[in-house]
């Protein structure tokens, strides 16, 4: 019997009929007071995948975060809205008790069935070699205790983006790191939904160390990732009116842009410490 | 009695009870075979607004395009998913007969109630003066006949982005223009939902003149626009696997970034003409 990776066991679902799936949200994905939105998105994305035979891959997924999820039992309820031709669209809710935590719309397809034509002008993220990038696990103990999620990952940060750890934020709305799961589980389209929201928010580097609640996140998975390290780039260009957008790009070990996302988040209320 | 602008009369809704609104989709917003997605998004956005008293402004709106809408009767069906605190979230469908045309998730709030803090690093779109930018209405008659929507707008294109009109596409995945409604109706948060998807697709400048069906579009309205001309910037960075993402930014007459969007669209099948 094959042993599931930590990630796969934590997003495992039990079919409960009529598009419903039972889940057990794992507290190891906590950050601050809540569970990480990317972890929950991958879990929901896994439920949608199970509901759309022949269309295994998320192409576009939009998540609206309504209330904070807690570790423990939850239900993913999937409603297939249209399934015909090359893509299918579904809505899905993550529910705990009588509370909807996250409402999702998503379009799935088969990434293997898409063309090979690539005309990317986006420049591949340039990171120093792994050995020159500090490990996330080297963060101070109080950071790791507040964010157990950091233990799920092997993250190696761009040296210029780590000043927030020691109270010297860079002042630039950017966060860049090498990324892989701590147990070596290789990336796939479902895990990319988690990777897109795994790094600390860019506001840490703008002198706002508090929690930045996501209102909405839309993800595009553009290709199946090759095995190996991913490179992840987060950036904000417009912090205004108490909100900021955060764009993320994920590049695989062959240098291909495999996922993109944009989220709208609330500016942390905590002033710089 | 005040006369409605063309835009306002074309997105007008009649309440039909239980979150439902009757609409009459106007053929003047056709482009190629279908109705423009931005027009439909503004119409749906107007129905959501009517369902959320005290939260008049779209902050984030995600639309999934399931089937092509046709001119004529339609229904906007809104379901308020959460309303409490500073923001509210709703789902909404645009329906014709038994077909859902567009499925939407959206979070609304009050843009006047947000802070004035602006820390934008995004560079304001640089366009030549209006008089140096060719009018969209100067396009060849066959372009205007295929796209009656062009007559709704006063668009003045960046001279470098208009080569596609004469069969000499720039080769760059970009489209930039001054923008206002033809009848002078001033912009507001609802009309911005239309503006974000009004220009010809960037693929026209990549030598792909066909229709580029949107799979998903997510819009963020970041501030109320000032009266006057808008500046609109579309760009793609990653055309791959038969799909491309298209980012849009809208700047108002005071130089403020008032709206952002990203969409995932299918690459046109038509080869370069």
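Protein chains in written order, with my numbering: chain A, 1 to 273; chain B, 1001 to 1273.
Using N, Cα and C, we set each Cβ at its ideal position, and we do this for glycine too.
Residue 1009 of chain B counts as exposed, since fewer than 16 other beta carbons sit within 10 angstroms of its beta carbon. Check the Cα spacing between residue 240 of chain A and each of B:1064, B:1081, B:1015 and B:1122: the tightest is with B:1122. Per DSSP, residue 1220 of chain B is one residue of the beta strand (DSSP E) stretching across 1214 to 1221. Beta-bridge analysis with DSSP links residue 65 of chain A to A:102.
Per DSSP, residue 1194 of chain B is one residue of the alpha helix (DSSP H) stretching across 1189 to 1195. Listed along chain B are 1062, 1216, 1218 and 1262, each with a C-beta nearer than 8 Å to that of residue 218 of chain A.
The C-beta of residue 1015 of chain B has fewer than 16 other C-beta atoms within 10 Å across all chains shown, which makes the residue exposed.
Residue 1200 of chain B and residue 1175 of chain B do touch by the CB rule: their CB atoms are close to 6 Å apart, below 8 Å.
Against chain A, the beta carbon of residue 1198 of chain B has no neighbour under 9 Å; the closest one sits roughly 20 Å away. Contact holds between the segment 1068 to 1080 of chain B and the segment 1027 to 1047 of chain B, because three or more Cβ pairs, one in each stretch, are under 8 Å apart. Judged by beta-carbon spacing, residue 1203 of chain B lies within the 8 Å limit of residue 1244 of chain B, meaning their Cβ atoms are closer than that value. Residue range 6 to 10 is occupied by the alpha helix (DSSP H) that includes residue 6 of chain A. Under a 10 Å Cβ-count criterion, residue 89 of chain A is classified as buried, with 16 or more other Cβ atoms of the shown protein chains found around its own Cβ.
Residue 253 of chain A is positioned such that its CB atom lies no closer than 8 Å to that of residue 61 of chain A. Residue pairing from DSSP places residue 30 of chain A in a beta bridge opposite A:35.
It is roughly 10 Å from the alpha-carbon of residue 1262 of chain B to the alpha-carbon of residue 247 of chain A. Against chain B, the beta carbon of residue 245 of chain A has neighbours under 7 Å at 1220 and 1260, listed in chain order. Residue environment analysis places residue 1131 of chain B among the exposed positions, since fewer than 16 neighbouring C-beta atoms fall within 10 angstroms of its C-beta. Annotation for residue 1230 of chain B: no alpha helix (DSSP H) segment contains it, though the beta strand (DSSP E) segment containing it runs 1230 to 1235.
Bridge partners of residue 110 of chain A according to DSSP: none are assigned. In chain order, 64, 215 and 216 make up the part of chain A whose C-beta sits under 7 Å from the C-beta of residue 1107 of chain B. With contacts defined as CB atoms closer than 8 Å, residue 152 of chain A and residue 230 of chain A fail to qualify as a contacting pair. Listed in chain order, the positions of the segment 119 to 135 of chain A with a beta carbon within less than 7 Å of a beta carbon of chain B are 119, 120, 121 and 122.
Interface with chain A (8 Å Cβ-Cβ cutoff): residue 1117 of chain B is included.
Contact with chain A is absent for residue 1144 of chain B, since none of that chain's Cβ atoms lies less than 8 Å from the residue's Cβ. Against chain A, the beta carbon of residue 1091 of chain B has neighbours under 9 Å at 64, 91, 103 and 105, listed in chain order. Residue 181 of chain A is bridged by DSSP to A:153.
Residues 38, 219, 248, 250, 259 and 261 of the same chain have their beta carbon placed closer than 7 Å to that of residue 196 of chain A, with the five preceding and five following residues left out of the count. When only Cα atoms are considered, residue 207 of chain A and residue 1095 of chain B end up about 46 Å apart. Not a single C-beta of chain A is nearer than 8 Å to the C-beta of residue 1070 of chain B. For residue 1119 of chain B, the enclosing beta strand (DSSP E) stretches over residues 1118 to 1120.
Here the alpha carbon of residue 82 of chain A sits roughly 10 Å from the alpha carbon of residue 1099 of chain B. For residue 144 of chain A, the uninterrupted alpha helix (DSSP H) run begins and ends at 141 to 146, by DSSP. One alpha carbon belongs to residue 55 of chain A, the other to residue 116 of chain A, and they sit about 18 Å apart. For the segment 1033 to 1067 of chain B, the residues whose beta carbon sits under 8 Å from a beta carbon of chain A are, in order, 1059, 1060, 1062, 1064, 1066 and 1067.
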